[in-house]
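Have a look at the structure below before the remarks.
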Amino acid sequence: MDRNKVIEIIHLSYHYPDGTPALKDIDLKVYQHQSVAILGPNGAGKSTLLYHLNGTLMGEGKVTILGIPVEKNNLKEIRRRVGLVFQSPEDQLFCPTVFDDVAFGPLNMGLDGQGVRHRVTKALETVGLKGFEARSAHHLSEGEKKRVALATVLSMDSEILALDEPTDNLDPAGSRMLMERIQSIPQTKIIVTHHLPVAVDLCERAVLLYEGRKIEDLSMGDLLRDRVLLEKFGFDADYAQWMYSRRKG
Amino acid sequence: MKHAFLDHHSQTESPIHHLDARAKIIVFFTFILIGVSAPPTSLFLFGLLAIVLIGIALFARLPLGHLLKKVLVVLPFLLIVSISIPFMKKDGVGGGYNLGLGGLSLSRSGLWILWNVVIKSCLGVFSIILLSSTTSFPQLMKGMEKLGSPKIFTMLTSFMYRYSFILVDEMYRTKRARDSRSFGGRWFWQTKVFGQMIGTLFLRSFHRGERVYLAMLSRGYQGTMPEGTAGRLGWEEAVFLSLVPLLIFLRIYLIR
């Protein structure tokens with residue numbers, strides 16, 4: 000295994016139960032502390048690829064996380080290492096209180112009461128929601144829900160964070176706040192999004208999917224300068240150019 | 000979207016609100032048991048129970064008017080079920096009251112049965128409303144769990160509580176979408192649309208259930224919910240729990 004290689008996907012293909020192909024022969028390597036954006040239009044297979052990282056879905060091919068193959072017998076270990084945040088916080092937050100939701104992962108990992116409380120406090124501090132422990136999820140704003148959803152995996156101290164459309168449904172202020180919190184997290188991050196500005200701010204590498212295939216794997220700078228590729232994926236090339244010059248500046 | 004929460008007032012600050020949920024569950028259920036087990040003629044005991052419950056409500060800084068209004072909600076249901084009893088019951092001993100309206104008569108023992116049903120239901124509902132107004136839903140579930148309620152029951156109830164708000168939101172959204180594309184029509188067609196709406200809500204809830212399960216698996220769920228940490232019962236809870244032997248003593252002493 001290469002030093003610092005945390006994710007390795009080889010020849011991964013996946014078909015939905017009705018036979019529709021969702022992923023076709025994907026290869027991907029991600030290294031420690033990298034932030035990788037998975038970009039592509041709706042139905043490109045972005046989320047499907049993300050769900051393979053912790054064995055929520057299992058297709059044909061090989062997925063290895065920190066040297067451990069994603070197989071039925073290893074799922075406990077894999078899920079300890081990959082924190083997956085779903086697109087909708089309503090799916091992620093199923094407990095009666097914020098504390099219970101953030102504590103769910105650490106408790107399942109077998110931590111004792113004090114350890115769990117410490118993890119919950121730390122995770123809520125990281126997302127800027129200290130003091131929200133006793134609140135119920137339905138009392139929170141959409142932005143707060145998204146941040147608690149992030150805290151539910153931060154409390155597991157996973158080496159890899161897999162985020163599905165983290166800024167979806169958020170107003171600009173909420174989106175900015177969440178992005179700042181994500182930027183401050185040092186773990187390896189795989190972020191699925193179809194918003195180029197989100198990808199530019201959070202990631203240094205972009206993987207482009209189209210109809211289940213990996214079309215490109217390049218640095219964010221190279222993507223921002225490639226007008227043909229940007230226009231093929233429906234992104235605003237002039238805006239991308241401006242973002243590139245801002246990054247350089 | 001804003002909702003009327005089931006545990007309205009449970010976030011108020013008062014010594015009763017701060018008590019451990021276990022103590023409150025035990026005390027309020029004792030109130031219900033004592034009330035239900037008393038014969039309908041024990042007016043003094045009913046009065047005493049009502050006074051103590053009102054005292055607890057005032058001590059918990061709860062608005063009495065709001066609580067009484069909530070109790071009144073059950074009255075129509077009660078009356079529908081029990082209003083006919085005094086007219087149906089034929090008295091053997093004690094007689095009844097002839098109303099002189101086409102042979103209609105009120106039975107004395109029937110009236111006692113009606114009183115029995117109304118007073119016990121009102122006291123029981125008032126106790127439950129006090130419990131839910133002084134204890135947040137999550138605390139209530141934890142309290143029941145610590146008192147030995149099956150984990151599967153509290154887990155399902157918690158999920159139901161958590162997702163009832165989302166289901167109501169979805170229902171309103173679906174209704175709005177229907178209304179914005181509906182231009183009247185006969186009630187028969189509206190019924191069909193209503194049926195389709197229910198079907199859609201069911202399918203959405205079903206799919207959400209699957210996604211929630213995946214989210215649970217992703218955080219290490221292996222079939223059993225993790226145990227939370229148990230709180231400690233202090234002297235405040237002991238003082239509140241002393242109501243239990245007191246109520247049992249009153250029940251035995253007053254009605255022999």
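Protein sequences, first through last, are from chains A and B.
Everything in the first sequence is counted per numbering that gives the first Met the number 0, starting at 0 for the first residue and increasing by one.
Everything in the second sequence is counted per numbering that gives the first Met the number 0, starting at 0 for the first residue and increasing by one.
We put the beta carbon where it would ideally sit given N, CA and C, even for glycine.
Using 10 angstroms around the beta-carbon of residue i, count the other beta-carbons present and answer buried if the total reaches 16, otherwise exposed.
i      : result
B/A237 : exposed
A/E179 : exposed
B/P85  : buried
B/T133 : buried
B/T190 : exposed
A/F234 : buried
B/E12  : exposed
B/V124 : buried
B/P149 : exposed
B/A176 : exposed
A/A172 : exposed
A/E124 : exposed
A/Y13  : buried
A/N3   : exposed
B/Y160 : buried
A/Y50  : buried
B/F136 : buried
A/N72  : exposed
B/P62  : exposed
B/K174 : exposed
A/R246 : exposed
A/I77  : buried
Assuming the contact rule is C-beta atoms closer than 8 angstroms, residue i and residue j should be a hit. Round their C-beta distance to whole Å, please.
i      : j      : result
A/L128 : A/V147 : 6 angstroms
A/A136 : A/L106 : About 17 angstroms; that fails the 8 angstroms criterion.
B/M140 : A/P95  : 6 angstroms
A/M219 : A/V199 : 6 angstroms
A/L153 : A/A122 : 4 angstroms
A/F98  : A/V119 : 6 angstroms
B/R210 : A/D90  : 4 angstroms
B/F30  : B/S120 : Incorrect: roughly 13 angstroms between the Cβ atoms, too far for contact.
B/P14  : B/E169 : Contact flag wrong, Cβ pair sits at about 39 angstroms.
Whole angstroms is fine: what's the gap from residue i's alpha carbon to residue j's?
i      : j      : result
B/V80  : B/V72  : 14 angstroms
A/A150 : A/E210 : 32 angstroms
B/T153 : A/R224 : 56 angstroms
B/L78  : B/L216 : 48 angstroms
B/R253 : B/L245 : Note on residue identity: the sequence assigns Leu, not Arg, to residue 253 of chain B. Cα to Cα, B/L253 sits roughly 12 angstroms from B/L245.
B/L242 : B/A56  : 15 angstroms
A/V197 : B/G233 : 51 angstroms
A/L222 : A/L229 : 7 angstroms
A/G104 : B/S83  : 56 angstroms
B/F256 : B/A22  : In the structure as shown, chain B begins at 0 and stops at 255. Residue 256 of chain B is therefore absent and cannot be evaluated.
B/L130 : A/L48  : 48 angstroms
A/L208 : A/N41  : 10 angstroms
A/E143 : A/I184 : 17 angstroms
B/V116 : B/F43  : 17 angstroms
A/G82  : B/T156 : 27 angstroms
A/P68  : A/E141 : 35 angstroms
B/F158 : A/S87  : 16 angstroms
A/K188 : A/Y243 : 21 angstroms
A/L169 : B/F239 : 46 angstroms
B/I204 : B/R172 : The amino acid occupying residue 204 of chain B in the given sequence is Ser; Ile does not appear at that position. Distance between the alpha carbons of B/S204 and B/R172 is about 14 angstroms.
B/S108 : B/A20  : 40 angstroms
A/Q182 : A/S34  : 9 angstroms
A/M0   : A/I6   : Here A/M0 scores only 49 on pLDDT, less than 50, and its place in the model should not be relied on; the value that follows carries that caveat. When rounded, the distance between both Cα atoms is 10 angstroms.
B/I257 : B/S9   : Limits of chain B in this structure are 0 at one end and 255 at the other, which puts residue 257 of chain B out of reach.
Can you name the residues of chain D whose CB is closer than 8 angstroms to the CB of residue i?
i      : result
A/P171 : As a matter of chain content, chain D is missing from the structure shown, whose protein chains are A and B.
Any idea which residues DSSP pairs residue i with across the strands?
i      : result
A/K4   : A/Y30
A/E215 : A/L207
A/E59  : A/S12
A/V35  : A/I189, A/R204
A/A161 : A/L83, A/I189
A/P20  : A/H14
B/P258 : With chain B running from 0 to 255 in the structure shown, residue 258 of chain B is simply not present.
A/D68  : Rather than Asp, the amino acid found at residue 68 of chain A in this sequence is Pro. For A/P68, which the question treats as bridged, DSSP gives the partners A/T63.
A/I25  : A/L11
Chain A contacts made by the stretch 209-223 of chain B, where a contact means CB separation under 8 angstroms
R210, V211, L213, A214, M215, L216, S217, R218, G219, Y220, Q221
The stretch 148-160 of chain B: positions lying closer than 9 angstroms to chain A by Cβ:
S157, F158, Y160
Members of the stretch 102-121 of chain A that neighbour chain B once the beta carbon cut-off is set at 7 angstroms:
F103, G104, L106, N107, M108, G112
Output needed in chain order: residues of the stretch 135-163 of chain A with a Cβ under 8 angstroms from some Cβ in chain B.
Going along the stretch 135-163 of chain A in chain order, one finds S135, A136, H137, T151, V152, M155 with a Cβ nearer than 8 angstroms to chain B.
Positions along the stretch 37-54 of chain A whose CB lies within less than 7 angstroms of some CB in chain B
N53
Taking a cut of 7 angstroms between CB atoms, which residues from the stretch 122-145 of chain B lie near chain A?
Listed by position along the chain: F136, P137, M140.
Chain B contacts made by the stretch 232-247 of chain A, where a contact means CB separation under 9 angstroms:
none
So if I threshold CB-CB distances at 7 angstroms, which residues from the stretch 161-175 of chain B count as touching chain A?
R161, F164, I165
Mind checking the stretch 3-28 of chain B against chain A and listing, in chain order, the residues whose C-beta falls within less than 7 angstroms of any C-beta there?
Going along the stretch 3-28 of chain B in chain order, one finds no residue with a Cβ nearer than 7 angstroms to chain A.
May I ask you to list, following chain order, the residues of the stretch 64-75 of chain A that have a beta carbon less than 9 angstroms from some beta carbon of chain B?
L74, K75
With 9 angstroms as the limit, tell me which residues of the stretch 5-19 of chain A have their beta carbon closer than that to any beta carbon of chain B; keep them in chain order.
none
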